[in-house]
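Asker:
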Ligand SMILES: *Cc1c(COP(=O)(O)O)cnc(C)c1O
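Residue numbers (the numbering used here): 2 to 367.
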């Protein structure tokens, strides 16, 4: 079986370091807060090139807390890509704002800047820039529009650890950013985890307080916050894995280049366009075809796993019926029937990628 993802294989390659890191946290009872969390926050901020990093409970919390910290007027409209994971939209509503879905680009699948601009009203206050599949959004154009209409930019980097827009890491460009360390992400913990990054000191302090019961010092609560913390064991695991992230992403890029080369001749199959100004982190490698479901089954019959991201566009979910955007003529409302994610990760060998592309070529020759 060619696996979509193989976290156990990854663990075996770093077992000694991970086991000893976890052992140290337990020996020192540094379960919540403490030196392992601080060390990881500092190392991750250095890796990205950002001033502040705040570890939190998961990526969804990171988005929620980041949006809350911006203190936008209650009920503000926030622009969210229709093609994303629900958390990108959920966080907006949870903080008391209104989700307005925007279409995706036809070729790289990130948020469409043209569509987004058309949806701006007097009440629009922010945009969630999801670096979907690990491909950065067009941040210069987004920043230009944000400046013109006075919008804040929240980067959703849950799929884009290690991705770069021109020479900057994602998570350092907008006003504030959210990362997820869900196990299957490019940088994944052994449980839930997340982080907020920003260059704005006052936002960083506020996020830190919101995530920790409205306090900096023990029992001196300035306001009602919540509890969302990265725990010591997760931080220690992440700190070990951070040392391998660059090399793992390089492998992802090699696999993606190999896929691109060997799939370019298939007319009914569209590969994702990679803009010249990005370093794509390839959390996912997606292709698009009208015969998606048949292709998925064919691959499975040939022992190749694949995934669908996402099978139902956000506007078409029952949860967002109230937004009344399900029947809008958006590409995102059609691509959910066409997108397929091929196996991707540092667990793959080039020989396995060749088997995948051979099978795809075979499928389309039938
Ligand atoms: C995974 C993901 C999240 C949420 O992260 P969790 O840690 O699972 O809460 C948010 N946005 C996107 C785009 C994601 O892929």
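Just so you know, even glycine gets a beta-carbon here, dropped at the ideal spot from N, CA and C.
1. Is residue 340 a contact residue of ligand 3, with contact defined as CB to any heavy atom under 8 angstroms?
2. For the candidate residues 199, 221, 289, 292, whose alpha-carbon lies nearest to that of residue 50?
3. Taking only three categories from DSSP, how would you classify residue 44?
4. So what does DSSP say about residue 100, is it helix, strand or coil?
5. If you follow the alpha helix (DSSP H) that residue 340 is part of, which residue opens it and which one closes it?
6. Does the distance from the C-beta atom of residue 152 to that of residue 121 stay below 9 angstroms?
7. Can you determine whether any heavy atom of ligand 1 sits closer than 8 angstroms to the C-beta of residue 40, and answer yes or no?
8. Can you tell me the Cα-Cα spacing of residue 368 and residue 305, whole angstroms?
9. Roughly how many angstroms lie between the CA atoms of residue 253 and residue 279, to the nearest whole one?
10. According to the Cβ coordinates, are residue 238 and residue 19 closer than 9 angstroms?
11. Does ligand 1 have even one heavy atom less than 8 angstroms from the beta-carbon of residue 157?
12. Whole angstroms are fine: how far does the CA of residue 158 sit from the CA of residue 228?
13. Where are the beta strand (DSSP E) runs, 3 residues long or more, that stay fully inside the segment 130-197, in chain order?
14. Kindly indicate the opening and closing residues of the alpha helix (DSSP H) around residue 208.
15. Spell out the partners DSSP gives residue 279 in its beta bridges.
16. For residue 331, which residues of its own chain have a beta-carbon under 6 angstroms away from its beta-carbon, when the five flanking residues on both sides are left out?
17. Would you call the segment 277-295 and the segment 117-135 in contact, with 3 or more CB pairs under 8 angstroms?
18. Restricting to Cα atoms, I'd like to know which of 337, 325, 22, 250 is closest to residue 347.
19. Could you say which of 281, 126, 219 lies nearest to residue 169 if we only look at CA atoms?
20. Please report the residue range of the alpha helix (DSSP H) in which residue 1 lies.
21. Just checking, does the segment 259-278 make contact with the segment 57-73 on the three C-beta pairs under 8 angstroms criterion?
22. Compute every distance between the C-beta of residue 88 and the non-hydrogen atoms of ligand 1, then say whether any falls below 8 angstroms.
23. Here's the rule I'm using: 16 or more other beta-carbon atoms within 10 Å means buried, otherwise exposed. How should residue 319 be labelled?
24. Quick check on DSSP: helix, strand or coil for residue 292?
25. So within the segment 311-351, which uninterrupted beta strand (DSSP E) runs reach at least 3 residues, ignoring any that extend past its ends?
26. Grab the span of the alpha helix (DSSP H) containing residue 107 for me, first residue to last.
27. Is residue 59 near ligand 1, judged by its Cβ being under 8 angstroms from some heavy atom?
28. Which residue marks the beginning of the beta strand (DSSP E) containing residue 79, and which one marks its end?
Answerer: Quick look at the numbers:
1. In the structure shown, ligand 3 is absent; the only ligands present are ligand 1.
2. It is 199.
3. Of the three classes helix, strand and coil, the one that applies to residue 44 here is helix, per DSSP.
4. Secondary structure of residue 100 (DSSP, three-state): strand.
5. Per DSSP, residue 340 lies in no alpha helix (DSSP H); the unbroken beta strand (DSSP E) holding it starts and ends at 340-343.
6. Between residue 152 and residue 121, the C-beta gap is smaller than 9 angstroms, which places the two residues in contact.
7. Not one heavy atom of ligand 1 sits closer than 8 angstroms to the Cβ of residue 40.
8. Because residue 368 is not part of the residues shown, which for the chain are 2 to 367, the question remains open.
9. About 14 angstroms.
10. A contact, by the Cβ cut-off of 9 angstroms.
11. At least one heavy atom of ligand 1 lies less than 8 angstroms from the C-beta of residue 157.
12. Looking at the two C-alpha atoms, the distance is approximately 22 angstroms.
13. 153-157, 177-181, all fully within the segment 130-197.
14. 202-211 is the span of the alpha helix (DSSP H), which, as asked, contains residue 208.
15. For residue 279, the beta-bridge partners assigned by DSSP are 166.
16. Cβ neighbours of residue 331 beyond the five flanking positions: 83, 104.
17. Contact between the segment 277-295 and the segment 117-135 is present, because at least three Cβ pairs lie under 8 angstroms.
18. The residue among 337, 325, 22, 250 with its C-alpha nearest the C-alpha of residue 347 is 250.
19. Distance from the Cα of residue 169 is smallest, within the candidate group 281, 126, 219, for 281.
20. The question about residue 1 has no answer, for the chain in this structure spans 2 to 367.
21. When C-beta atoms of the segment 259-278 are compared with those of the segment 57-73, fewer than three pairs fall below 8 angstroms, so the two segments do not count as touching.
22. Answer for residue 88: yes, Cβ within range of ligand 1.
23. Counting Cβ neighbours within 10 Å, residue 319 comes out exposed, since fewer than 16 surround it.
24. Residue 292 falls in the coil class under three-state DSSP.
25. The qualifying runs are 340-343.
26. For residue 107, no alpha helix (DSSP H) segment is defined, and its DSSP state is neither H nor E.
27. At least one heavy atom of ligand 1 is nearer than 8 angstroms to the Cβ of residue 59, so yes.
28. Start and end: 78-82.
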